[in-house]
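J.: Numbering (our numbering), first residue to last: 72 to 131. Even glycine gets a Cβ: it sits at the ideal position worked out from N, Cα and C. Remember, it's a predicted structure, so these values are computed and weren't measured experimentally.
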């Protein structure tokens, strides 16, 4: 999840209670990563793909 100034907390808690892995990332890191791969548009669908690609790159 992208950190949202406290709004992500409920989602993080729900995912943790369901024993699902969750990581909260700094929005600046996601923006910089998106810029590095040439994706600058800001839509929820693009953000979701970028966060997934960021997670894959960080776990490799």
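From which residue to which residue does the alpha helix (DSSP H) around residue 98 run?
T.: Element bounds for residue 98: 98–107.
J.: With three or more C-beta pairs closer than 8 Å as the rule, is the stretch 109–117 touching the stretch 85–93?
T.: In short, these stretches do not touch, since the Cβ pair count stays below three.
J.: Leaving out five residues before and five after residue 94 in sequence, what residues of the same chain have Cβ atoms less than 8 Å from its Cβ?
T.: Cβ neighbours of residue 94 beyond the five flanking positions: 72 and 126.
J.: Do residue 101 and residue 117 count as a contact pair if the criterion is CB distance below 8 Å?
T.: Contact flag unset, no.
J.: Taking the alpha-carbon positions, what's the residue 80 to residue 96 distance?
T.: In a straight line, the C-alpha of residue 80 is about 12 Å away from that of residue 96.
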